[in-house]
Amino acid sequence: MESTNKQTVMVTGASGYVAGRLIENLLGKGHTVHATVRNPHDRNAVGHLLALNDGVTSRLKLFAADLLKEGSFDEAMKGCDLVFHTASPFFNKVKDPQRDLVDPAVKGTENVLSSANRTPSVKRVVLTSSVAAIIGDAADCLGYPGGIATEEQWNTTSSLKHQPYSYSKTQAERKAWEMAGAQSQWELVVINPSFVIGPGLKTHSNAESFNIIRQMANGMLRFGAPDFNIGVVDVRDLAEAHYRAGFMPEANGRHIISARESSLLELATLLRNKFGRRYPFPKRTLPNGVIWLMAPLAGLSRRMVSRNMGQPWKADNSKSIRSLGMSYRPVEESITEMFAQMVEAKLV
Ligand code: NAP
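Here this note's numbering is used: the first residue of the sequence shown is 3, the next is one more, and so on.
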């Protein structure tokens with residue numbers, strides 16, 4: 003499937019942080035984009051997207067669709083060759099994990115792929131899964147060959163009670179592979195990003211990525227950051243990875259999309275070097291024992307603490323470089339440009 007600059011593509015969850023940069027990328031390369039949002043009349047959700055229309059052509063078309071409403075993606079999918087399914091709730095704290103995370107993730111995926119089954123023009127679906135469908139807790143890496151996660155592994159440690167967001171992503175990706183295997187009209191290509199940073203098309207004040215970075219600057223971590231290792235990737239590189247997964251004929255299977263391993267402390271240190279005089283970024287990690295003791299007060303489970311704090315997090319991004327030709331921006335650039343955007347928008 004090559005980009006002929008004529009293909010019409012669909013993007014679900016268009017109001018989101020990741021989708022904004024993806025839509026910008028697709029429009030920039032000449033595609034017509036059918037973008038779904040829950041409420042296309044909400045200026046806050048779509049204003050930054052409409053600003054991408056150049057005034058002469060309007061290759062961005064908005065459609066209303068809800069993950070939980072059967073058939074609601076049919077209209078937007080009509081005439082599309084390719085579907086990018088990014089919509090899924092990303093929150094670490096929820097009241098009811100089944101209702102708030104798993105149902106929209108899994109039923110939503112089922113719903114979008116059922117629409118693809120009914121839309122003969124669709125030849126490929128690119129699903130935004132997560133590295134969380136591969137690594138539930140950092141400690142999982144210790145059980146993988148060489149201590150490094152690859153696309154071969156699946157998260158088997160998350161559940162409704164433990165890391166429910168990761169569980170929702172795992173279940174949704176499993177559902178997608180199951181449905182892909184049951185038909186032959188479209189092929190599935192999966193993107194498994196690590197923690198996404200970098201400036202959005204706008205500051206997405208409700209997106210979890212922005213919430214996490216905000217917590218580094220608002221004094222919450224003044225006495226130290228949890229010793230938490232994570233992989234990180236720039237949202238603009240992630241958009242390009244989606245694009246390549248959509249249009250490179252040979253793209254197939256899962257793809258870990260991650261620039262490199264980092265940690266909360268390293269991200270905070272990079273920010274402190276640039277913005278440190280004005281914000282109380284953490285200067286050290288807190289002892290894991292202290293976090294373990296205080297975990298219930300902070301709404302964290304002790305199992306989560308012991309399986310993540312101080313544990314090495316390692317994922318192999320070589321397939322993305324080899325198969326999609328990805329190169330990644332320096333993390334320093336991504337995190338400082340993101341924070342500068344947050345400062346400008348008075349989010350911190
Ligand atoms: P985001 O800004 O919160 O975007 C999530 C999108 O999903 C929003 O557009 C949201 O629409 C939509 N959505 C949620 N529930 C919905 C429902 N019931 N019906 C229709 N749409 C619904 O988060 P993001 O960071 O861009 O995440 C986008 C995708 O990337 C998700 O699949 C996420 O799991 C994945 N991902 C993100 C990261 C990361 O670090 N950010 C890492 C790995 C994978 P509303 O605006 O209407 O709520």
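The beta carbon of each residue, even a glycine, is placed where N, CA and C say it ideally should be.
Boundaries of the beta strand (DSSP E) in which residue i is found, first to last residue
i: V235; result: 231-236
i: E189; result: 189-195
i: S265; result: 262-265
i: V13; result: 10-14
i: H50; result: No beta strand (DSSP E) contains H50, which is instead part of the alpha helix (DSSP H) from 45-52.
i: L84; result: 84-87
DSSP-derived helix/strand/coil call for residue i
i: H244; result: helix
i: G32; result: coil
i: M311; result: strand
i: I293; result: helix
i: T338; result: helix
i: H206; result: coil
i: A219; result: helix
i: V128; result: strand
i: M344; result: helix
i: R120; result: coil
i: A253; result: coil
Opening and closing residue of the alpha helix (DSSP H) in which residue i lies
i: V133; result: Segment: none, V133 is in no alpha helix (DSSP H) and carries neither H nor E.
i: L64; result: Element bounds for L64: not the alpha helix (DSSP H) but the beta strand (DSSP E), 62-66.
i: T172; result: 166-183
Which listed residue (the options) has its alpha carbon closest to that of residue i
i: I150; options: I232, V345, K285, R40; result: I232
i: A342; options: P289, F212, D239; result: F212
i: K63; options: D229, N46, V39, G73; result: V39
i: S168; options: G278, A297, V96; result: V96
i: G30; options: P147, D44, D56; result: D56
Residue j beta carbon less than 8 Å from that of residue i
i: L190; j: V114; result: no
i: L299; j: M218; result: no
i: A37; j: L51; result: yes
i: D68; j: V124; result: no
i: D142; j: N157; result: yes
i: E112; j: M181; result: yes
i: P332; j: S260; result: no
i: S135; j: E175; result: One detail in the question is off: residue 135 reads as Ala in this sequence, not Ser. Contact: yes.
i: S131; j: V198; result: no
i: W315; j: I137; result: yes
i: N275; j: D229; result: no
i: R61; j: H87; result: no
Residue i: CB within 7 Å of a non-hydrogen atom of the ligand FMN
i: P201; result: Inclusion of the ligand FMN in the displayed structure is not the case, the ligand content consisting of the ligand NAP alone.
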